[in-house]
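> Next up is a structure, given as structure tokens.
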Amino acid sequence: MTDFSPRGHAERNEVTRSTLATLNTLDTTADRDRLAAGVLRNSLEMTSLEYESGEHLRSIRVIAGDVDSARGIFDLMPTATVENWQTIAERMAAVPTAFAGMRESWSLGIAQNTVAPRRQALVVAEQLETWAGTPSAPGFFAQFAESATSVAGAPLEKLRQAAVEASNSMAATAKYLREIYAPAADPRNGVGEQRHALARRRFMGMNVDAREAYEWGFAEVARLDAELIKTAKEINPNVTLNEVREFLDTDPSHSIEGEENLRDWLQSLMDDAMSFLIRENHFDIPKEIHRVEAMISPPGGAAAMYYTSPSEDLSRPGRTWYPANGRTRFPLWSEPTTAYHEGVPGHHLQIGMATVNSEKLSRFQRNDSSAVMAKAGRFMPND
0 MTDFSPRGHA ERNEVTRSTL ATLNTLDTTA DRDRLAAGVL RNSLEMTSLE YESGEHLRSI
60 RVIAGDVDSA RGIFDLMPTA TVENWQTIAE RMAAVPTAFA GMRESWSLGI AQNTVAPRRQ
120 ALVVAEQLET WAGTPSAPGF FAQFAESATS VAGAPLEKLR QAAVEASNSM AATAKYLREI
180 YAPAADPRNG VGEQRHALAR RRFMGMNVDA REAYEWGFAE VARLDAELIK TAKEINPNVT
240 LNEVREFLDT DPSHSIEGEE NLRDWLQSLM DDAMSFLIRE NHFDIPKEIH RVEAMISPPG
300 GAAAMYYTSP SEDLSRPGRT WYPANGRTRF PLWSEPTTAY HEGVPGHHLQ IGMATVNSEK
360 LSRFQRNDSS AVMAKAGRFM PND
């Protein structure tokens, strides 16, 4: 489990700096070496700049923050053997220390007036409360520990104790965010130009003119809005766009009841898409990544569908994760494009190909990417 304390962040920063110094001494004249070095150098430089700017002291957000990272890793751990569950128990036992480290770093951020928006602090507190659970509604770790009963010999008592302590640490962190952090947090949602510029370079992999990018983005939104209105008129020309959407959301003939039925439907959608792409020779897809697995994400996580990549040895397939968000009935009219976006021909095809391309890409390149690269691979399936 990652050390999220100020000391842990400082030690990682020293590794970042020393790695960058070593990288700059290497011969990178070969094309593949030059490309790999460029990708690694940009990431290391950004990590160092973010540390110097104090971003590690306010990494409080629902998606891609420290809290999400500490819980989300458990979704990816193998659970088939006793040894797997022993590893899970050890990691779960380290969760309280990880959250204590986060609180220590966030408190240092308060002291230095380097704080996250209050809105983020409160919504992450709500997220943590969901994962922590209650006596009548067991949380993430309690449910996860009980799933080990299917493996004979799994360390159930160790898992249950670790689950209690991990859940308590989440509840304590939620209380800290509400009672201590939120009053000191930034009341503004916006981050300002300086932080935004740093994030633009991290997520785009380059320096980007924000005004130009936003003007293009809003023009695209206007274009898509016009298409939405046109399509809605084809469905029913006598009502508004919102009324058409309400009809589509409530039409029982185009909905699915129950999470497991939804998962099965999404799996069939992914299987059919993969078969079509292979059969029609749209892409040369290696057999190792022919499988993408549809999953329902645990309560309390991101409110949008997301993707997790295959493991390096391909023992774990790429997975799409769908959030039920407390619903039991799911309208299907808007789901295919999102599923294609996250699965095939979107994220799974793009990231899965990188995973199996070990002869051309370094391990770092296969396991790290800028957001612009990740999203660019999915524009076509969505538009």
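Each residue of the sequence shown is one higher than the one before, counting from 0 in numbering that gives the first Met the number 0. Where is the CB? At the ideal position from N, CA and C, for every residue including glycine. Fair warning: this is a prediction, and the values are worked out from it, not measured in the lab.
Should Gly108 go down as buried or exposed, given a rule of 16 or more other Cβ atoms within 10 Å for buried?
Buried is the call here.
> Which residues mark the beginning and the end of the alpha helix (DSSP H) in which Pro419 is found?
Lying outside 0 to 382, the shown extent of the chain, residue 419 is not represented and no answer is given.
> Among the residues of its own chain, which have a CB less than 6 angstroms from the CB of Glu128, if the five just before and after it don't count?
Only Ala173 meet the Cβ criterion.
> Using the C-alpha atoms, what's the distance from Thr46 back to Val38?
Cα to Cα, the separation comes out at about 12 angstroms.
> Please give the ranges of any beta strand (DSSP E) in the segment 242–330, keeping only runs that are unbroken, at least 3 residues long and fully inside the region.
Qualifying beta strand (DSSP E) stretches, in chain order: 254–256, 291–295, 305–307, 317–321, 328–330.
> Going by the CB atoms, is the gap between Ala144 and Val81 shorter than 7 angstroms?
Against a cut-off of 7 angstroms, the Cβ pair of Ala144 and Val81 comes out as no contact.
> From Thr15 to Leu48, what does the alpha carbon distance come to, in whole angstroms?
When rounded, the distance between both Cα atoms is 11 angstroms.
> Can you look up Pro186 in the DSSP assignment and give me helix, strand or coil?
Coil, per DSSP.
> Alpha carbons only, please: which of Phe329, Thr327, Ser308 is nearest the one belonging to Thr319?
When each option's Cα is compared against that of Thr319, the closest is Ser308.
> Return the first residue and the last residue of the alpha helix (DSSP H) that Lys359 is part of.
Unbroken run through Lys359: none, as it is neither H nor E.
> Comparing C-alpha positions only, which one of Ser104, Val220, Tyr339 sits nearest to Ser58?
Nearest of Ser104, Val220, Tyr339 to Ser58, Cα basis: Ser104.
> In chain order, what residues of the same chain lie with their CB nearer than 6 angstroms to the CB of Glu287, ignoring the 5 residues before and after it?
Correct list, in chain order: Leu313, Val355.
> Would the segment 86–99 and the segment 159–168 be scored as touching if the rule is three or more Cβ pairs under 8 angstroms?
Touching, yes.
> Drop a sphere of 10 angstroms on the beta-carbon of Tyr213, count the other beta-carbons inside from all chains shown, and report buried for 16 or more, exposed for fewer.
Its Cβ having fewer than 16 others within 10 Å, Tyr213 is exposed.
> Alpha carbons only, please: which of Thr1, Asp185, Arg199 is nearest the one belonging to Asn41?
Residue Arg199 is the option with its Cα nearest to Asn41.
> Using CA coordinates, which residue listed in Ala35, Ala302, Arg118 is at the minimum distance from Arg365?
The residue with the shortest Cα to Cα distance from Arg365 is Ala35.
> Using CA atoms only, rank isn't needed, just tell me which of Leu75, Ser333, Leu22, Tyr321 is closest to Leu43.
It is Leu22 whose Cα lies nearest to the Cα of Leu43.
> What would DSSP say about Gly204, mapped onto helix, strand or coil?
Reduced to three states, the DSSP call for Gly204 is coil.
> Going by DSSP, what residues sit across from Pro344 in a beta bridge?
DSSP output for Pro344 lists no bridge partner at all.
> When you compare each of His289, Ser168, Lys359, Glu256 to Gly325 by their alpha carbons, which one comes out closest?
Considering only alpha carbons, the answer is Glu256.
> Please name the residue, chosen from Trp264, Phe329, Asn12, that lies closest to Asp248 on a Cα-to-Cα basis.
If we check each option's Cα against that of Asp248, Phe329 comes out closest.
> Closest to Ala171 by C-alpha separation, out of Tyr50, Ala69, Ala131, Ser17, would be which residue?
The option with the nearest alpha carbon to Ala171 is Ala131.
> Using CA atoms only, rank isn't needed, just tell me which of Asp185, Phe202, Thr78 is closest to Asp367.
Looking at the Cα atoms, Phe202 is the closest of the given residues.
> With distances taken Cα to Cα, identify the nearest neighbour of Val190 among Thr113, Ser274, Gly71.
When each option's Cα is compared against that of Val190, the closest is Thr113.
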